[in-house]
Amino acid sequence: ILNVEQSPQSLHVQEGDSTNFTCSFPSSNFYALHWYRWETAKSPEALFVMTLNGDEKKKGRISATLNTKEGYSYLYIKGSQPEDSATYLCAWIDMNTGFQKLVFGTGTRLLVSP
Amino acid sequence: SQTIHQWPATLVQPVGSPLSLECTVEGTSNPNLYWYRQAAGRGLQLLFYSVGIGQISSEVPQNLSASRPQDRQFILSSKKLLLSDSGFYLCAWSVKGVQPQHFGDGTRLSIL
Numbered sequence: 001i002l003n004v005e006q007s008p009q010s011l012h013v014q015e016g017d018s019t020n021f022t023c024s025f026p027s028s029n030f031y032a033l034h035w036y037r038w039e040t041a042k043s044p045e046a047l048f049v050m051t052l053n054g055d056e057k058k059k060g061r062i063s064a065t066l067n068t069k070e071g072y073s074y075l076y077i078k079g080s081q082p083e084d085s086a087t088y089l090c091a092w093i094d095m096n097t098g099f100q101k102l103v104f105g106t107g108t109r110l111l112v113s114p
Numbered sequence: 115s116q117t118i119h120q121w122p123a124t125l126v127q128p129v130g131s132p133l134s135l136e137c138t139v140e141g142t143s144n145p146n147l148y149w150y151r152q153a154a155g156r157g158l159q160l161l162f163y164s165v166g167i168g169q170i171s172s173e174v175p176q177n178l179s180a181s182r183p184q185d186r187q188f189i190l191s192s193k194k195l196l197l198s199d200s201g202f203y204l205c206a207w208s209v210k211g212v213q214p215q216h217f218g219d220g221t222r223l224s225i226l
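Here it is as structure tokens:
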């Protein structure tokens with residue numbers, strides 16, 4: 001099984017700080033990358049689906065970039081708020097296995113203090 | 115709008131007992147359906163997916179099986195649970211193609 005790695009494992013920032021974290025994935029056979037936000041006691045919520053090298057996506061204060069040639073994606077949160085506290089998951093899809101098969105990283109747990 | 119229902123929310127079962135977890139989706143037709151497990155300290159692992167009624171793909175050899183008796187119903191089963199089956203189980207659905215997946219609320223399964 002090819003690995004998807006996320007760093008840091010956890011992060012604690014103050015309200016108003018901007019932050020970013022990394023998802024690393026195999027650069028060969030790239031098909032797509034998903035980002036999800038998973039709040040405690042809720043179900044994972046889709047943030048972005050990215051397919052093209054150089055892609056940038058934005059949703060409110062959250063944005064993501066994609067580099068398929070070197071195998072990484074960054075997720076940025078601008079002006080973090082306590083409600084951004086959650087685990088952020090990325091998931092990679094290998095073109096040889098089909099669009100159904102997401103390989104998830106273990107996530108970055110973000111805590112934003114007021 | 116589409117909704118996904120997964121039950122039960124928590125389950126405590128003895129080793130060797132059977133298991134049945136059910137997931138249903140409303141508001142969409144012919145979805146892809148998925149079962150994931152998150153074991154302690156690990157990421158989400160895809161167990162099964164289905165692209166249509168009666169079509170099941172298994173990703174990890176294990177003590178579990180899945181069935182899709184109806185278009186929007188996905189069932190995860192076991193005849194005899196093992197201690198290693200403990201974990202958090204999530205059902206998800208998506209439309210066809212490279213699309214985001216939508217998750218249920220999950221089932222916390224503890225095996226004693």
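Protein chains in written order, with the working numbering: chain A, 1 to 114; chain B, 115 to 226. Virtual Cβ for every residue (Gly too), placed ideally from N, Cα, C. Just so you know, these numbers come straight off a predicted model, no measurement behind them.
For chain A, find out if any of its Cβ atoms is closer than 8 Å to the Cβ of P214(B); answer yes or no.
P214(B) counts as touching chain A.
Unbroken stretches of the beta strand (DSSP E), 3 residues or longer, contained in the region 4-52 of chain A
Runs found: 5-7, 10-14, 19-24, 30-38 and 45-50.
By the 8 Å beta-carbon criterion, what residues does the region 16-34 of chain A contribute toward chain B?
Hits within the stretch, in order: Y31, A32 and H34.
L161(B) by DSSP, collapsed to three states: which one?
Note: L161(B) maps to strand in three-state DSSP.
Within 10 angstroms of the Cβ of A41(A), are there 16 or more other Cβ atoms? Answer buried if so, exposed if not.
By the neighbour-count definition (other C-beta atoms within 10 Å, threshold 16), A41(A) is an exposed residue.
Beta carbon proximity, G107(A) to chain B, threshold 8 Å:
By this cut-off, G107(A) is an interface position.
Answer yes or no: do W92(A) and F21(A) have a C-beta to C-beta separation smaller than 8 Å?
For the 8 Å CB-CB criterion, W92(A) and F21(A) do not form a contact.
Have a look at the DSSP bridge pairing and note the partners of F217(B).
According to DSSP, F217(B) bridges with A206(B).
Going along the region 38-55 of chain A in order, which residues come within less than 9 Å of chain B, judged by CB to CB distance?
Listed in chain order, the positions of the region 38-55 of chain A with a beta carbon within less than 9 Å of a beta carbon of chain B are W38, A41, K42, S43, P44, E45, A46, L47, F48, V49 and T51.
For L196(B), which of S224(B), Q169(B) and W207(B) has the nearest alpha-carbon?
Nearest C-alpha to L196(B): S224(B).
Counting only Cβ pairs nearer than 8 Å, list the residues of chain A close to G211(B).
In chain order: F99.
Three or more C-beta pairs closer than 8 Å, one from the region 121-131 of chain B and one from the region 96-114 of chain A: is that the case here?
Taking a cut-off of 8 Å for Cβ pairs, the region 121-131 of chain B and the region 96-114 of chain A do not touch, as fewer than three such pairs fall below it.
Would V212(B) pass as a contact of F99(A) if the rule is Cβ separation under 8 Å?
Contact annotation: V212(B) and F99(A) have beta-carbon atoms nearer than 8 Å.
Assuming contact is defined by CB atoms lying nearer than 8 Å, are S18(A) and G79(A) in contact in what I supplied?
At a Cβ-Cβ threshold of 8 Å, S18(A) and G79(A) count as neighbours.
So, is the C-beta of Y203(B) closer than 8 Å to a C-beta in chain A?
At a cut-off of 8 Å between beta-carbon atoms, Y203(B) makes no contact with chain A.
Note the first and the last residue of the continuous beta strand (DSSP E) segment covering A180(B).
Unbroken beta strand (DSSP E) run through A180(B): S179 to Q184.
For D94(A), write down the residues that DSSP places opposite it in a beta bridge.
Per DSSP, F30(A).
Give the DSSP-derived three-state secondary structure of S80(A) in the structure shown.
Judged by DSSP in its simplified three-state form, S80(A) adopts coil rather than helix or strand.
Distance cutoff 8 Å, beta carbons only. Does L125(B) sit that close to anything in chain A?
Put simply, the CB of L125(B) is far from chain A, with every gap to its CB atoms at 8 Å or more.
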